[in-house]
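Numbering (the working numbering), first residue to last: 11 to 156.
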Amino acid sequence: MSAFWHDHTLGELDQAQWESLCDRCARCCLIKLQDEDSGQIVFTNLVCHLLDMDACRCTAYPRRHELVPDCIDFSAPLVPQLDWLPRSCAYRRVAEGRGLAAWHPLVSGDPESVHEAGISVRGKVRSESGVAEQDLEEHVIEWVEL
């Protein structure tokens with residue numbers, strides 16, 4: 011596959027290119043909290059109940075928006091507005107003109123490289139299932155760079 015991310019904007023990508031650009035880190039599946047006063051967003055070590063935490067993939071991807079109404083439907087115009095996207099996110103990197111990191115599977119040729127580089131959530135998270143809303147703040151993390 012050619013380096014399409016160098017030659018096209020996010021808005022010019024076809025569906026296959028768009029999907030392949032995702033590095034499968036699953037950081038977007040982390041449960042986020044927003045301070046009501048400051049608007050600051052923080053991440054927790056909790057992930058959506060639909061996430062396969064080992065594969066870092068949604069178990070119900072085609073139906074995710076139906077099953078989880080607040081699941082973000084990424085689109086090219088939306089990416090620049092999502093200031094909570096981690097700096098490592100391939101969509102954010104391409105939108106900002108930074109290209110893909112060496113560990114990205116499209117660059118490395120290895121789908122495990124994102125996990126081996128420690129970028130994915132694999133081994134770092136637990137499911138939101140069974141965690142009470144009042145306990146979410148106990149799960150705030152600082153290993154995701156915005």
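Quick reminder that beta carbons are idealized off the backbone N, C-alpha and C, glycines included.
Cβ separation of residue i and residue j, assumed to be a contact under 8 Å, to the nearest whole Å
i: residue 15; j: residue 109; result: 7 Å
i: residue 101; j: residue 20; result: 7 Å
i: residue 37; j: residue 96; result: 5 Å
i: residue 89; j: residue 105; result: 5 Å
i: residue 124; j: residue 54; result: Not really, about 20 Å apart at Cβ, beyond 8 Å.
Best match in the options for proximity to residue i [C-alpha to C-alpha]
i: residue 146; options: 104, 29, 85, 57; result: 57
i: residue 139; options: 35, 96, 60, 23; result: 60
i: residue 121; options: 77, 65, 22, 38; result: 65
i: residue 135; options: 45, 124, 98, 153; result: 153
i: residue 17; options: 91, 92, 107, 144; result: 107
Three-state secondary structure (DSSP) of residue i
i: residue 81; result: coil
i: residue 38; result: helix
i: residue 95; result: coil
i: residue 108; result: coil
i: residue 139; result: coil
i: residue 24; result: coil
i: residue 62; result: strand
i: residue 103; result: helix
i: residue 146; result: helix
i: residue 89; result: helix
i: residue 74; result: helix
i: residue 52; result: strand
i: residue 57; result: strand
Residues near residue i by beta carbon distance below 8 Å, same chain, minus five either side
i: residue 62; result: 68, 69
i: residue 103; result: 97, 109, 110, 111
i: residue 99; result: 33, 35, 37, 38
Contacts around residue i, its chain only, beta-carbon distance under 6 Å, and the 5 residues preceding and following it disregarded
i: residue 39; result: 57, 58, 61
i: residue 81; result: 74, 75
Same chain only: Cβ atoms within 7 Å of residue i, ignoring 5 sequence neighbours per side
i: residue 77; result: 60, 70
i: residue 79; result: none
Any C-beta of chain B under 9 Å from that of residue i
i: residue 103; result: Considering every chain present, this structure includes no chain B. It has just one protein chain.
Check whether the region 18-30 touches the region 82-93, counting contact only when three or more Cβ pairs, one atom from each stretch, lie closer than 8 Å.
-> By the Cβ test, the region 18-30 is in contact with the region 82-93, since at least three Cβ pairs between them sit closer than 8 Å.
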